[in-house]
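First the structure, in the form of C-alpha cells, and then the observations on it.
Structure (C-alpha cells):
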C-alpha cells in the first residue's frame, strides 16, 4: 500500500483481448478491498466481465486497518486482477468514515481519474464509494452510472440522525444514478419505502458466489474437526464474519448457555477476526462457556471449515444478503439467521432454515435447539438450502445479469 496521499496511483497496465468492436470501458469503484462480502462480490464481478465486450478497471480506497492477513489478501487480489488485465487504481483519501476533507479529496481524485479513463459506465459499490463515486461520475459527465449498495443504513443502526442524513444523501444521489442494483427484492422494496427513488430505478440481481469450491468439496468432517481442535462428538454450531458489532456475535454467545443446558457437548465456532475479539472472549468467560466457544480467527479454508459444522448461524443486525450464508447453504448446511435486510430472500423460513428477530438470544437459542433436536429436519433443511443456492446464487448468473 503506498504511503503517499496523492490523488490516485495506477497499479497495473490495462490489457484487453482483441475484438471486432471496441469494448465499452467500465470502472468499478469500492471503498475497500477486504474479507467482506461486498469486496469479494465486487472482485468476482470485475473478473467475470466478458473481456470481448468490456474493458474493466477497478478503483478502491484505503482500509481502516491493515492486519497481516489483510495485506496477504490484498496482495493476492491485486495479483489476480493484474493477471486478468484489469487496471487498478488506488484512491488513498477514499475511506469508510465520514470525513469532509478526505471525502472532497476522494471526489476530486476520482473525477480526475474518470476524466483520464473516460469510461462509458461507472459502477459504484457500498455507501461511501457510492456517494463520492457517483458525484465524481456526474462531474465527469459519465453517460451511465450504476450503484450497488450491498445493504443499507436506513434501519437506524448508527443512530437516527445519521440514518436520516444517509436517506437524504441517497435521495439526492439517486438522481445522478441510472440504475440501482439491489441484491434482493426486499432491498429494493426498502429503498422505495424510504423514498430513495421510484421502483423503476431499481433492478434486483442476486449476489453471486463462485460455488465450484463448495460443490466439489469432499471433506472428512471428523478429520477436519480434529485438525481445528473441535470435539469429535456433539453438535458443532458455527458462523463466519468479521468480529464487529453489526454481525451480532454477542447474541449468539449469549444464546450458548441455553443450548448447553440441553446439549452439554455442543461447541460454537467463530470464524473471522476483528476489533471485538477481546470483548467477546471476555463475555464467554463471564458466562462460564469459554471451553465451548472456539475463536478460529481468519481462515482461508472456509469450505473445509463449513464441512465440519452441523449448523450455521448468522446473527447479524443488518445484511445486504449474507455471502457467508450463501456459502454455508452451498455446503448443504441448514441455517438459523436473523430476519434483517435481504436474508429473508435467501433463507426460506421453515424450508431451508429458521429465521429469528435480531438482538434476541432467547429466540436464537430456541431455533438452534429446534434443529438440533431433530436430525432428520436438520438434514432436510440442509439439502433444501443447497438446492436453493444452486438455482439462484451462482456468480456467472450474477455477472451476465449485470452486463
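Numbering (the working numbering), first residue to last: -10 to 392. Just so you know, even glycine gets a beta-carbon here, dropped at the ideal spot from N, CA and C.
Alpha-carbon to alpha-carbon, residue j and residue i
{"i": "residue 160", "j": "residue 153", "result": "11 Å"}
{"i": "residue 28", "j": "residue 21", "result": "7 Å"}
{"i": "residue 78", "j": "residue 39", "result": "20 Å"}
{"i": "residue 122", "j": "residue 36", "result": "20 Å"}
{"i": "residue 223", "j": "residue 66", "result": "38 Å"}
{"i": "residue 13", "j": "residue 378", "result": "31 Å"}
{"i": "residue 18", "j": "residue 336", "result": "29 Å"}
{"i": "residue 410", "j": "residue 330", "result": "Here the chain covers residues -10 to 392 and nothing more, so residue 410 does not appear."}
{"i": "residue 269", "j": "residue 238", "result": "8 Å"}
{"i": "residue 374", "j": "residue 274", "result": "34 Å"}
{"i": "residue 48", "j": "residue 260", "result": "28 Å"}
{"i": "residue 80", "j": "residue 315", "result": "31 Å"}
{"i": "residue 96", "j": "residue 110", "result": "17 Å"}
Nearest to residue i (by Cα), restricted to the options the options
{"i": "residue 370", "options": "340, 240, 193 and 149", "result": "340"}
{"i": "residue 52", "options": "25, 317 and 44", "result": "25"}
{"i": "residue 158", "options": "135, 174, 184 and 133", "result": "184"}
{"i": "residue 319", "options": "175, 330 and 293", "result": "293"}
{"i": "residue 163", "options": "137, 130, 151 and 172", "result": "137"}
{"i": "residue 32", "options": "175, 10, 75 and 61", "result": "75"}
{"i": "residue 72", "options": "229, 232, 45 and 368", "result": "45"}
{"i": "residue 132", "options": "355, 150 and 16", "result": "16"}
{"i": "residue 368", "options": "321, 182, 376 and 111", "result": "321"}
{"i": "residue 291", "options": "169, 312, 271 and 276", "result": "312"}
{"i": "residue 155", "options": "115, 344 and 351", "result": "115"}
Residue environment, residue i, which counts as buried when at least 16 other CB atoms sit within 10 Å
{"i": "residue 167", "result": "exposed"}
{"i": "residue 104", "result": "exposed"}
{"i": "residue 82", "result": "buried"}
{"i": "residue 398", "result": "No information on residue 398 is available, as it lies outside the stretch -10 to 392 that the chain covers here."}
{"i": "residue 334", "result": "buried"}
{"i": "residue 55", "result": "exposed"}
{"i": "residue 308", "result": "buried"}
{"i": "residue 342", "result": "buried"}
{"i": "residue 363", "result": "exposed"}
{"i": "residue 87", "result": "exposed"}
{"i": "residue 130", "result": "exposed"}
{"i": "residue 188", "result": "exposed"}
{"i": "residue 380", "result": "exposed"}
{"i": "residue 347", "result": "buried"}
{"i": "residue 359", "result": "exposed"}
{"i": "residue -5", "result": "Confidence in residue -5 is poor, its pLDDT being 37 and thus under 50, which makes the residue's placement unreliable; the coordinate value appears in the next sentence. Classification of residue -5: exposed, given that the 10 Å Cβ count is below 16."}
{"i": "residue 214", "result": "buried"}
{"i": "residue 236", "result": "buried"}
{"i": "residue 372", "result": "exposed"}
Check: residue i C-beta below 6 Å from any heavy atom of the ligand COA
{"i": "residue 381", "result": "The ligand COA is not part of this structure, which contains no ligands at all."}
task: List in chain order: all unbroken beta strand (DSSP E) runs of 3+ residues lying wholly within the stretch 66 to 147.
output: Listed in chain order, they are 76 to 79, 110 to 114 and 133 to 137.
query: Which runs of the alpha helix (DSSP H) fall wholly inside the stretch 219 to 285 and span at least 4 residues, in chain order?
result: Qualifying alpha helix (DSSP H) stretches, in chain order: 238 to 251 and 266 to 276.
- prompt: Are at least three pairs of beta-carbons, each pair with one atom in the stretch 274 to 291 and one in the stretch 299 to 312, less than 8 Å apart?
  reply: Under the three-pair Cβ rule at 8 Å, the stretch 274 to 291 does not count as touching the stretch 299 to 312.
query: Quick one: any contact between the stretch 283 to 291 and the stretch 248 to 255, if contact means 3 or more CB pairs under 8 Å?
result: Too few Cβ pairs lie closer than 8 Å, so no.
task: Could you say if the stretch 189 to 196 and the stretch 220 to 234 meet the contact criterion of at least three C-beta pairs nearer than 8 Å?
output: They do not touch, by the three-pair rule.
query: Can you find at least 3 beta carbon pairs, one from the stretch 318 to 330 and one from the stretch 259 to 269, that sit closer than 8 Å?
result: No, because fewer than three Cβ pairs between the stretch 318 to 330 and the stretch 259 to 269 fall closer than 8 Å, the two stretches do not touch.
- prompt: Can you find at least 3 beta carbon pairs, one from the stretch 237 to 244 and one from the stretch 207 to 218, that sit closer than 8 Å?
  reply: Verdict: no, contact absent.
- request: For the stretch 89 to 96 and the stretch 116 to 131, state whether three or more C-beta atom pairs, one from each stretch, are separated by less than 8 Å.
  value: Two segments are said to touch when three or more pairs of C-beta atoms, one from each, lie closer than 8 Å; by this definition the stretch 89 to 96 touches the stretch 116 to 131.
query: Which runs of the beta strand (DSSP E) fall wholly inside the stretch 308 to 337 and span at least 3 residues, in chain order?
result: Every beta strand (DSSP E) stretch that sits fully inside the stretch 308 to 337 and reaches 3 residues is listed by chain position as 324 to 327.
task: Note down, one range per segment and in chain order, each beta strand (DSSP E) of at least 3 residues found wholly within the stretch 148 to 218.
output: Listed in chain order, the beta strand (DSSP E) runs fully inside the stretch 148 to 218 are 168 to 171 and 191 to 193, counting runs of at least 3 residues.
query: Mind pulling the alpha helix (DSSP H) runs of 4 or more residues that sit fully within the stretch 340 to 381?
result: Note on the stretch 340 to 381: whole alpha helix (DSSP H) runs with a minimum of 4 residues are 350 to 361 and 364 to 381, in chain order.
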